[in-house]
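J.: Per my numbering, the very first residue in the sequence shown carries number 3; after that it's consecutive. Mind looking over this structure? Questions follow.
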Amino acid sequence: MTLLTASGWTQQESGFESFDQTRIFYRSWQPTMPRDDGPQRALVFLHRGHEHSGRIQPLVEQFGCTQDWAFAWDARGHGHSPGERGDAPSFYTLVQDFEAFIRHLQACYGIAAENMLIVANSVGAVIAATWLHDYAPRVRGVVMAAAAFDINLYVPLAKPALGLALRFSPGLSVTSYIRSGMLTHSAAQAQAYDLDPLITRNISARVLLDLADTAQRVVADAQAIDTPVLMLVADKDYVVKQAPQRQFFDRLASPMKRYVVIPDCYHAIFYEAQVQAEQALEASKVFIAECFAKDLPALDRYHAADVLGPSAQRYQALQQGRAGSAWDDAYFGLQKRMLGKLGPWSDGMRIGLEQGFDSGASLDYVYRNQAGGRWGVGPLIDRGYLDAIGWRGIRQRKAQLQQLLGALIAQHPADQPLRILDIAAGGGRYVLETVKRHQDREIEITLRDMDPRNLEQALQLAMQLQLKNHIAYQRRDAFDPASYPADEAPYDIAIVSGLYELFSDNARVLQSLQGVGQQLKEGGHLVYTGQPWHPQLLMIAKTLTNHQGQPWQMRPRPQAEMDALVASAGCHKLHSEVGVAGIFTVSVARRGAAPNAGG
């Protein structure tokens, strides 16, 4: 359905296929007099929890960007989108949906991510913040109104009680205690809220708890976000707490950020009485104009992030023993002593103690996920070890990498040979297992690694899998420019998995990426992994050793930094998959010019 509005936009209703093929409803507003002084721009709106895109229509007009597009969706479980009301498989599903939405807008409307600005309210603001942290899009900026980083539940021990109830009733939903009079001083807006048949009062308990966990993670690691952000905070918000909004703002690495408290304002900031709403709108309009007036930062600004960035400061604190308290030192010291005594009983811990917990042998053991050990109790210890959140993330990373690699193989012309290079293959499990499922294709594989034991392990696995492919095993250093000779035939796909996360030095990583880029065909694809953050950095640094026998100290590299290094080497990201708790990512980039609508 298309409707010509009196205010200068043509409104249309449509839908897009999300990552799991769920069709999500959205509205678009096309300017009747689009700008002719540059590329098309867009505001993308994220509504509050309980609400829907129909509530965005007045905001499009009030923001007054008459030459720009506007878009707003009905989040899964809301408005005209499918699903139980207020429900989704998880809160993170909504983040994945939003990534799919932005990709759809890029492909369908030809508007680059760098020409989009996000306006997000309440729960929508947490979706936007998580998306910024995990996917690192190069959008122009984000307006966050009353970000729901911590919802006031009022009932004592509400979260533990909900967690317990979910064990017995996985589909449990709760009815919101919020009434329209708690959202706005405006009687007209309160009445419109009460009479809207598409507003749902329910929210899934599962989504609510996942929202709380995800928000806590994003607030804790907000320094990984450097996108321009305007935070609008309600002075009298009965729905969400103000302190986490301030913490998020203070930790942001954004060179352009603003924190505006709206006096005597309830939670529904943009739907408040005239005085409060106008203050929020004016601050937003000024911020939006300034965001579009500034150029996006150059990619090379990330090259020195390993020395000057917030993650570098935390890494230096780890190296210098300034991270953690005396209590942490005592607690982790005890853990380390217990690891030395009981670790050899667990097969996985024994491999880590002998070869390093980041070694190829250790990772291959984690991939197999078969607990083993000695003295009866060993397998139980090993199972606990293998179920650690980091190792669960590693296994999910493997599955995501194999899925993306399989998709790249499938899209390659069937009548043409395919050449795959892995520059630090370890035991080669993820590549060889994937290729096994494509034995009908002509695929040549080159596996490289510094450790001959890893190459021997890969050879044995290839024999077990009875692969018919031509496989070359090369002992090479992924950071040595000589490992990428110009006279070798170019590759269609290059893979670097679990390597750059182990090294803080951006110069070395960029040098390696440039070598990889030189060995890729024009239009060839790079599959690369990242580790934007980790919840157990201190424990790992104080208890585990790496393949060099040193404390395993890591500098998580924010996704924006990793993507910038890849782009500086001539490869531009097409897509990312994010793993459990956002610890690991797997991305695909293409060598050559950045796509016109790429982010």
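Here a beta-carbon is modelled for each residue, glycine too, at the ideal position from N, C-alpha and C. None of these values were measured; they are calculated from a predicted model.
#1: Within the continuous alpha helix (DSSP H) that includes Q315, where are the two ends?
#2: For T186, which residues in the same chain have their Cβ closer than 6 angstroms to its Cβ, ignoring the five residues on either side in sequence?
#3: Run through DSSP, which three-state label would I271 get?
#4: To the nearest angstrom, how far is it from the Cα of A131 to the Cα of L546?
#5: Indicate whether V518 and L528 have their beta-carbon atoms separated by less than 8 angstroms.
#6: Thinking C-alpha only, which one of S256, G335, G581, Y502 is nearest V145?
#7: With a threshold of 16 other CB atoms inside 10 Å of the CB of G143, please say whether the residue is buried or exposed.
#8: Could you pull out every residue in the same chain whose Cβ sits closer than 7 angstroms to the Cβ of L134, ignoring the five residues on either side in sequence?
#9: Where does A295 sit, in a helix, a strand or coil, going by DSSP?
#10: Under a three-way DSSP split, which group does I180 fall into?
#11: At 4 residues or longer, what runs of the alpha helix (DSSP H) sit wholly inside the segment 501 to 531?
#12: Taking the alpha-carbon positions, what's the G378 to A149 distance?
#13: For the segment 402 to 420 and the segment 338 to 345, state whether three or more C-beta atom pairs, one from each stretch, are separated by less than 8 angstroms.
#14: Please name the residue, chosen from Q108, Q98, R140, P91, that lies closest to P172 on a Cα-to-Cα basis.
#15: Assuming L469 is part of the beta strand (DSSP E), what are its boundary residues?
#16: Quick one: give me the first and last residue of the beta strand (DSSP E) that V121 is part of.
#17: Taking W410 as the reference, which of A591, E53, E19 has the closest Cα?
#18: What alpha helix (DSSP H) runs, 4 residues minimum, are completely inside the segment 410 to 451?
#19: So G532 and M556 are supposed to be a Cβ contact under 8 angstroms. How far apart are they, rounded?
#20: Identify every residue that forms a DSSP beta bridge with Q476.
#21: Could you please give me the residues that DSSP links to I26 through a beta bridge?
#22: With three or more C-beta pairs closer than 8 angstroms as the rule, is the segment 344 to 355 touching the segment 374 to 392?
#23: According to DSSP, is R248 part of a helix, a strand, or is it coil?
#24: Flag this pair as yes or no: are the beta carbons of R431 and R450 separated by less than 8 angstroms?
#25: In angstroms with no decimal places, state the Cα-to-Cα distance between L200 and R181.
#26: Who are the Cβ neighbours of S578 in its own chain at under 6 angstroms, not counting the five residues just before and after it?
#27: Under a CB-based cut-off of 8 angstroms, is L463 close to chain D?
#28: Which value, in whole angstroms, describes the spacing of the CA atoms of K161 and G79?
T.: With the structure as the only source:
#1: 312 to 321
#2: A192, Y268, A270, Y273, E274
#3: helix
#4: 32 angstroms
#5: yes
#6: Nearest C-alpha to V145: S256.
#7: buried
#8: V144, I227, T229
#9: helix
#10: coil
#11: Given a length threshold of 4 residues, each whole run of the alpha helix (DSSP H) inside the segment 501 to 531 is given here in chain order: 508 to 521.
#12: 50 angstroms
#13: no
#14: The candidate whose alpha carbon is nearest that of P172 is P91.
#15: Note, L469: premise wrong, no beta strand (DSSP E); not H, not E.
#16: The continuous beta strand (DSSP E) containing V121 extends over residues 118 to 123.
#17: At residue 410 the sequence reads Leu, which differs from the Trp that was named. Looking at the Cα atoms, A591 is the closest of the given residues.
#18: Counting whole runs of 4 or more residues, the segment 410 to 451 contains the alpha helix (DSSP H) stretches 431 to 438.
#19: No, G532 and M556 are not in contact; Cβ-Cβ is about 12 angstroms, not under 8 angstroms.
#20: Bridge partners of Q476: R450.
#21: F18
#22: yes
#23: helix
#24: No, they are not a contact pair.
#25: Distance between the alpha carbons of L200 and R181: 15 angstroms.
#26: Same-chain partners within the cutoff: Y137, T587, S589.
#27: Among the chains of the structure shown, chain D does not appear; only one protein chain is present.
#28: 22 angstroms
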